[in-house]
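Q: In my numbering, the protein residues as written are 49 to 247.
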Amino acid sequence: MKRPAIFIDRDGTVNEQMGYINHINRFVLLPGSAEAIRLLNRHQYLAIVVSNQSGVARGYFPIELVHEVHDYMERSLMREGAALDGIFFCPHYPGGKVSEYSKACDCRKPRTGLIEEACRQFAIDMPGSYVIGDHCTDMELAGNSGLKGILVKTGYGLGDLKYVLPNHPHQPFHVAADLLDAVRWIVRRGPEPDAGTNR
């Protein structure tokens, strides 16, 4: 049976926006993130992180650090009773310094490759799914994928809301204070017959 998924941006949404996380000590969960993911678990939503990590291609840190950070993130969440169903990230960037990852790709948000990969691995009810993030590219990813986008005011959210999104073609379907506020809104709203649109 298909389940709806909540595609969650990482930096600025799950954890504090620190720029590039080039050391494990720079990874700090935002308050309420674990509670939000527990709520998704309890209500049978797939909790899937989708993240651009171009620092790999730029030569700022090795891909092994990204995996280390994700292991640490999962352990930190699990200590609070929260479980992610999947983590998908893009290490690429055109013109990067590391030739293996220096390329145009289909997985760098706002392109839809990360969500397509998640759909290959999970049975996802796309009309009932959402994208949550702190950046206009997350809202564009939602639009490109036929999903509803929720902008959170953490990370880059407040700045994008004030300066970028007023003239952006992909508007958030909803604006929330943070990840927990967004998830609570989704759970309260429940399934909708018009799910899968992005206004």
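The C-beta atom is built at its ideal place from N, Cα and C for all residues, glycine as well.
Given the structure is predicted, the values throughout are model-derived calculations rather than measurements.
(1) If you follow the beta strand (DSSP E) that C138 is part of, which residue opens it and which one closes it?
(2) Identify whether A243 lies in helix, strand or coil by the three-state DSSP scheme.
(3) I need the DSSP call for A203, collapsed to helix, strand or coil.
(4) Report the three-state DSSP secondary structure of L195 (helix, strand or coil).
(5) With a floor of 3 residues, list each beta strand (DSSP E) that falls wholly inside the region 69-142, ordered by position along the chain.
(6) Between which residues of its own chain and L125 is the CB-CB distance below 8 Å, once the five residues before and five after are set aside?
(7) Check A230 in the structure and name its three-state DSSP category.
(8) In whole angstroms, give me the CA-to-CA distance for G107 and L199.
(9) In the DSSP assignment, the alpha helix (DSSP H) including A166 goes from what residue to what residue?
(10) May I ask you to list the residues that DSSP assigns as paired with Y211?
(11) Between H140, M174, P139, V117, which lies nearest to F75 when the distance is taken from Cα to Cα?
(12) Could you give the DSSP three-state label for R58: helix, strand or coil?
(13) Got a sec? Which residues, its chain only, sit under 6 Å from Q65 by beta carbon, not counting five neighbours each side?
(14) Look up V235 in the DSSP assignment and say whether it is helix, strand or coil.
(15) By Cβ distance below 6 Å, which residues in the same chain neighbour A171 in space, the five residues on each side in sequence not counted?
(16) In this structure, how does DSSP classify G181 when only helix, strand and coil are distinguished?
(17) Among the residues of its own chain, which have a CB less than 7 Å from the CB of P239, if the five just before and after it don't count?
(18) Quick one: Cα of A224 to Cα of K201, how far?
(19) Please classify R168 as buried or exposed, where buried requires at least 16 neighbouring CB atoms within 10 angstroms.
A: The relevant details are as follows:
(1) 134-138
(2) Since pLDDT at A243 reaches only 44, below the 50 mark, its modelled position is unreliable, and the value read off the structure follows with that caveat. If DSSP states are grouped into helix, strand and coil, A243 belongs with coil.
(3) It should be pointed out that residue 203 corresponds to Gly in this sequence rather than to Ala. It is coil, neither helix nor strand.
(4) coil
(5) 94-100, 134-138
(6) L77, S81, A82, I85, A131, L132
(7) helix
(8) 29 Å
(9) 161-169
(10) In DSSP, Y211 forms no bridge with anything.
(11) V117
(12) coil
(13) D59, G203
(14) helix
(15) K50
(16) strand
(17) G176
(18) 6 Å
(19) exposed
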